[in-house]
Structures are given as C-alpha cells and as structure tokens.
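In our numbering, the protein residues as written are -18 to 215.
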C-alpha cells in the first residue's frame, strides 16, 4: 500500500512544545553585532520563562514533562552561548549576574554536568529518589575496633618474616657475608677503611676482646658528644 504525500504518517512528528523561533546552533559565533545578540538572548529568555511556567502544569504526563524539561535545558545552553558571544564582542558579562533560571532547576550530582530539572520534573520516577538520596546526610563510617584492626594485620607486622622461613633472606645474608669476607681477604694488610675502629686484640697486643661495662659505654658516649660540640665550636 502506497502512502500519499499528504499522509501525516510520512512526516516527522512535531515537537510537543514547538519553539517560536528557529536558530542555528552556530549562529551565536557568526553574529558580530551586540544588539543582534541581545535580541536573540531576549527571545531565549522569554522561551525559558514560558516553558518553566508550563512545566508546573498538573495536566502534563510524565512523557510530556521529560520532553519539556529537555527543551528548557537546550534553551539554557543556547542562552549561555549568546552570553559568551556578547562578552567576546565587548558587551556586558551576563554570566556574572544572578542566574535566575538556573536556580529554578536542580542538578543531580554525577548525572551529567549542567543538566537540570525544573518544576514537576523533580518529581518524576527515578529523579525524585536521586534527589532524596542526594539530600540525605552521609553516614560516617564507625571507627574500627581493635579486633577488626587485628584481623587486618599480617605476620610481618609481628616480625615473622616469611622470607626467613623459606630461606630466601637467609641465603642472601649469607651471600653478602661471604662477599664481604672475601673482600677483606683480598685487601690483606692494605689501608684500613675510613671509620674502621679495630677491636681490642686486633692490634696484636695479646689483649682479648671484652664486653664493655655500662659505665664505659656512657663514658664513651659523653666523650663523643663533647667532641662533636668542640668540632662545632671550632
């Protein structure tokens, strides 16, 4: 069955709330006259005002509310484009003024930057729940008890090194000890490394090494502090 040209089914569906003007999205950038930009911005403001009032109508269905809310957001974006062009041409900066229509709508965090809900759109299924969840105060996570913290602590916290159990760390330490010992043998009677202090008995005086007493340790510490102080003063 052929459809006649005049058949309504062959034409695209008309918007529920047709715009009273037709503006190309690129027109703000192509307009170099401040009065012309002011004129178009004024028409956009009138359209926003009319549709913000219309979206309060109780007779609108959910589908009509969503469609109308989309149109308001499109008009809001167009208003912003005209205001940017007016500022770029050296006119007044309307973006610094109070955003009357912006504050009439609410924005859901994480649901698309800049998209707002006006009038009855705030009560739409799914949207209302998001606003309710957004307005609830965030529940503070209770502090973990000692028992909970203890469950998160592993063996390494208590000093049980798993590398020692499987021999990895011990083998590495043994290798480094042998390497250091071999280096000492190669040096023979060469120069003593800087900072090296021989132990008693290493000088060949026949005196064996003894563990120093507490008094000797304290005396040595006092002497080192005194020497550091003299070095600073000198």
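The beta carbon of each residue, even a glycine, is placed where N, CA and C say it ideally should be.
Give the secondary structure of residue 97 by DSSP, where H, G and I count as helix, E and B as strand, and everything else as coil.
Strand, per DSSP.
Is the number of C-beta pairs between the stretch 8 to 26 and the stretch 43 to 55 that are closer than 8 Å three or more?
In short, these stretches do not touch, since the Cβ pair count stays below three.
Buried versus exposed, by CB contacts within 10 Å (16 or more), residue 97:
Answer is buried; the Cβ neighbour count reaches 16.
Helix, strand or coil for residue 205, going by three-state DSSP, please let me know.
In this structure, residue 205 counts as helix in the three-state DSSP scheme.
Where does residue 95 land, buried or exposed, given buried means 16+ other C-beta within 10 angstroms?
With fewer than 16 Cβ atoms within 10 Å of its Cβ, residue 95 is classed as exposed.
CB residue 46 to CB residue 102, shorter than 9 Å?
Closer than 9 Å, so yes.
Following the continuous alpha helix (DSSP H) through residue 57, name the residue where it begins and the one where it ends.
For residue 57, the enclosing alpha helix (DSSP H) stretches over residues 43 to 69.
What distance in whole Å lies between the Cβ atoms of residue 33 and residue 107, which are believed to be in contact at a cut-off of 8 Å?
By a beta-carbon distance limit of 8 Å, residue 107 does not contact residue 33. Their separation comes to about 21 Å.
My output table needs one value for residue 9: the three-state DSSP class, helix, strand or coil.
In the three-state DSSP reduction, residue 9 falls in the helix class (H, G or I).
Leaving out the 5 sequence neighbours to the left and right, which residues in its chain are closer than 6 Å to residue 201 when beta-carbon positions are compared?
Setting aside the 5 residues that flank it on each side, residue 201 has no residue in the same chain whose C-beta is closer than 6 Å to its C-beta.
Given a cut-off of 9 Å, decide if residue 62 and residue 28 are closer than it, judged by their beta-carbon atoms.
Taking the C-beta atoms as reference points, residue 62 is found no nearer than 9 Å to residue 28.
Excluding the five sequence neighbours on either side, which residues of its own chain have a C-beta within less than 7 Å of the C-beta of residue 37, listed in chain order?
Excluding sequence neighbours, residue 37 sits near 100, 101.
Quick check on the burial criterion: 16 or more other C-beta atoms within 10 angstroms. Buried or exposed for residue 157?
Residue 157 comes out exposed.
So for residue 22, helix, strand or coil by DSSP?
Residue 22 falls in the helix class under three-state DSSP.
Report all residues from its chain with a CB closer than 6 Å to the CB of residue 59; omit the five preceding and five following residues, and keep chain order.
Correct list, in chain order: 25.
Can you tell me whether residue 41 is buried or exposed? The criterion is at least 16 other CB atoms within 10 Å of its CB, across all chains shown.
Buried: at least 16 other Cβ atoms inside 10 Å.
Could you compute how far the alpha carbon of residue 114 sits from the alpha carbon of residue 43?
Whole-angstrom Cα-Cα distance: 21 Å.
In whole angstroms, what is the alpha-carbon distance linking residue 160 and residue 152?
Distance between the alpha carbons of residue 160 and residue 152: 12 Å.
Kindly indicate which three-state DSSP category residue 118 falls into: helix, strand or coil?
Residue 118: coil per DSSP, three-state reduction.
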